[in-house]
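FYI, in UniProt numbering the residues of the sequence shown are 1 to 391.
Inspection log for the structure reproduced underneath, given as C-alpha cells.
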Amino acid sequence: MGEIDPSYNRWQQRDDCYFNWIINNIDASLVNEVSQYETAYDLWDSLATTYGSGADQFQISDLHRQAYSIKQGDSSLENLLQKLQDLWISIDTRDPNPMDTPSSIEKYNQNTQRHILYQFMWALDDHRYRKIKREILNMDLIPTARKAYGLVRRESVNEKLLNPETKESGIGAETVKAEEAGEPQQPSLTTAPPTPKIQRAAAAVAASSTVAAEKPEPRKCPKLDPEHIPERVPPSGLSHVDGKGEARLVDISSKEITKRVALASCKVVLGQKVFDLVSANQMEKGDVLGVAKIAGVCAAKQTSNLIPLCHSINLSRVHVDLDLNPRNFSIEVRGEAVSTGRTGVEMEALTAVTVAGLTVYDMCKVASKDIVITDVRLEQKSGGKSGDWSR
Numbered sequence: 001m002g003e004i005d006p007s008y009n010r011w012q013q014r015d016d017c018y019f020n021w022i023i024n025n026i027d028a029s030l031v032n033e034v035s036q037y038e039t040a041y042d043l044w045d046s047l048a049t050t051y052g053s054g055a056d057q058f059q060i061s062d063l064h065r066q067a068y069s070i071k072q073g074d075s076s077l078e079n080l081l082q083k084l085q086d087l088w089i090s091i092d093t094r095d096p097n098p099m100d101t102p103s104s105i106e107k108y109n110q111n112t113q114r115h116i117l118y119q120f121m122w123a124l125d126d127h128r129y130r131k132i133k134r135e136i137l138n139m140d141l142i143p144t145a146r147k148a149y150g151l152v153r154r155e156s157v158n159e160k161l162l163n164p165e166t167k168e169s170g171i172g173a174e175t176v177k178a179e180e181a182g183e184p185q186q187p188s189l190t191t192a193p194p195t196p197k198i199q200r201a202a203a204a205v206a207a208s209s210t211v212a213a214e215k216p217e218p219r220k221c222p223k224l225d226p227e228h229i230p231e232r233v234p235p236s237g238l239s240h241v242d243g244k245g246e247a248r249l250v251d252i253s254s255k256e257i258t259k260r261v262a263l264a265s266c267k268v269v270l271g272q273k274v275f276d277l278v279s280a281n282q283m284e285k286g287d288v289l290g291v292a293k294i295a296g297v298c299a300a301k302q303t304s305n306l307i308p309l310c311h312s313i314n315l316s317r318v319h320v321d322l323d324l325n326p327r328n329f330s331i332e333v334r335g336e337a338v339s340t341g342r343t344g345v346e347m348e349a350l351t352a353v354t355v356a357g358l359t360v361y362d363m364c365k366v367a368s369k370d371i372v373i374t375d376v377r378l379e380q381k382s383g384g385k386s387g388d389w390s391r
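Structure representation (C-alpha cells):
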C-alpha cells in the first residue's frame with residue numbers, strides 16, 4: 001500500500017470542519033437522517049436535494065398547518081409553548097425574512113408576530129382562558145406572543161390564588177408555585193427564536209456580565225511620603241499626558257466628526273487535541289466560537305470602562321469573526337469596529353479580538369494549559385486627522 005498524500009490529511013481536516021459545522025447548524029431531528037454520509041460535500045448535496053427550494057414551500061405550508069392544529073389539552077403553558085416554538089424555529093429556518101429595506105423588514109416582522117400570536121391564541125384551552133383571550137385580541141395594539149404569554153400566565157397565577165381548590169389544568173403545579181414565588185418561568189418567544197448554540201452563548205455572556213456587575217469594595221491606598229515621591233518627567237508626544245506628567249482624558253471637542261473604522265486581529269493557538277474538540281463542538285462549556293464571538297462584541301461596547309483614558313463613544317457596528325485554521329491548529333480572530341464621531345475606534349476593535357481570544361482560552365483551558373494567544377494587532381484604520389493606515 002502506497003504512502004498517503006500529505007495533502008489528503010489537510011483536506012480531511014478541512015472536510016471534518018465543514019462536516020461538523022453543517023451538523024451543528026441543522027435541526028436536531030435531521031441529524032440521524034444524514035449522519036451516514038462520509039464527506040461534507042455528500043452531506044450538503046443530500047440536504048440541498050431534499051430540502052431545497054423545490055420542497056420548502058410544501059414544508060412551510062405543512063408546518064403552519066401543524067402550528068394551527070396544536071391544542072393545549074392537558075399540557076401546561078410551558079409545554080404548549082415549547083411545541084409551538086419548535087415549529088416556529090423550523091418555519092423561520094425554511095422561510096427567513098426576504099425583505100431588504102428597513103420599512104419592509106419591519107412590516108414583515110409585524111405580520112410574522114401576528115401569525116405567531118394567533119397560533120398561540122388558537123392553541124390555548126378556550127374554556128379556561130376564554131376571557132383573557134378575548135381581552136388580548138380586543139386590544140387596540142395587538143401584543144406580541146411574548147406579551148400575550150405573560151398575560152395568560154398572570155391570569156393562571158391569579159386564578160390559583162383566588163381559587164386554591166380549583167383543579168389545575170393547562171399549567172403544572174410546580175410552575176404555579178414558582179410563579180407565586182416570583183421565579184421567572186417565561187420561555188423565549190421571538191420571530192426567530194435563538195438556536196441552542198446562541199442560547200448557550202447568551203447564557204454565558206449573561207453570567208459573565210452578572211459577575212462584572214458586582215463591584216468590589218474600594219481599596220484604600222497607603223499615604224505616600226511627599227519627600228520620597230519620584231519626580232515625574234513629562235513625556236513628549238503623548239496626548240494622554242499633560243505638561244506636568246499627569247494622566248488626562250484628551251479633550252476631543254474641537255475634532256472633526258468623521259466616519260471611523262478599525263480592523264484588528266489575533267490568533268489563539270490551541271494544539272491538535274483542543275482544536276479537534278472545538279471543531280467537533282465537544283468542549284465541556286459548549287459552543288466556543290459562538291460564545292467568544294458574542295463576548296468580543298460585548299467587550300467592544302465596554303472599552304471605555306476597561307481602558308481608563310478611552311472615550312465613551314457610540315458604536316454603529318461591531319463585528320467579530322472566528323475561523324478555525326487546521327494548518328496550525330489555531331483560531332484566527334478578526335474584529336471590526338465602526339463609529340461616526342470625533343475619536344477613533346482602534347481600541348474597540350483591539351478589545352473585541354482580545355476578549356474573544358480570552359474567552360476561547362477560558363472555555364478550552366480544561367483540556368490544555370498550553371494554549372497561546374498571540375499576534376494581537378491593529379490591521380487597518382480609516383477616518384480622522386491621521387487619515388487611513390494599513391499594516
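All C-beta atoms, glycine included, are put in the ideal place defined by N, C-alpha and C.
Keep in mind it's a predicted model, so treat the numbers as computed, not measured.
C-alpha of VAL291 to C-alpha of HIS115: approximately 31 Å in a straight line. ARG317 and CYS310 have their C-alpha atoms roughly 18 Å apart. In this structure, CYS266 sits away from VAL345, with a CB-CB distance that is not shorter than 8 Å.
Non-local C-beta neighbours of GLY271 in its own chain, meaning closer than 8 Å and more than five positions away in sequence, comprise PHE329, SER368, ASP370, ILE371, ordered along the chain. By the C-beta density criterion, PRO6 is exposed, having fewer than 16 other C-beta atoms within 10 angstroms.
Sixteen is the threshold: when 16 or more other Cβ atoms of the shown chains lie within 10 Å of the Cβ of SER76, as they do, the residue is buried.
A residue is called buried when at least 16 other Cβ atoms come within 10 angstroms of its Cβ; LYS131 does not meet this threshold and is exposed. Here the C-alpha atom of ILE136 lies approximately 17 Å from the C-alpha atom of THR112.
Between ALA123 and LEU87, the beta carbon gap of about 11 Å keeps them out of contact (Cβ cut-off 8 Å). Annotation: the continuous alpha helix (DSSP H) that includes CYS298 extends over 288 to 301.
Looking at the backbone, the Cα of GLU159 and that of ASP27 are separated by about 38 Å. The Cβ atoms of VAL355 and ALA295 sit closer than 8 Å to each other. Per DSSP, VAL353 is one residue of the alpha helix (DSSP H) stretching across 346 to 364.
No Cβ-Cβ contact shorter than 8 Å links ILE331 with ASP321. GLN119 is a Cβ neighbour of TYR68, given a cutoff of 8 Å. Bridge partners of VAL333 according to DSSP: CYS266, LEU322.
The Cβ atoms of TYR361 and VAL297 do not sit closer than 8 Å to each other.
Closest option to LEU289, judged by alpha-carbon separation, among GLU155, PRO308, VAL333, LYS107: VAL333.
Distance check between ASP388 and each of ASN325, ALA262, ASP100 places ALA262 closest, using alpha-carbon atoms only.
Buried is the label assigned to GLU348, since at least 16 other Cβ atoms lie within 10 Å of its Cβ. Listed in chain order, the non-local C-beta contacts of THR359 below 7 Å within the same chain comprise VAL291, ALA292, ALA295, local neighbours out to five positions each way being set aside.
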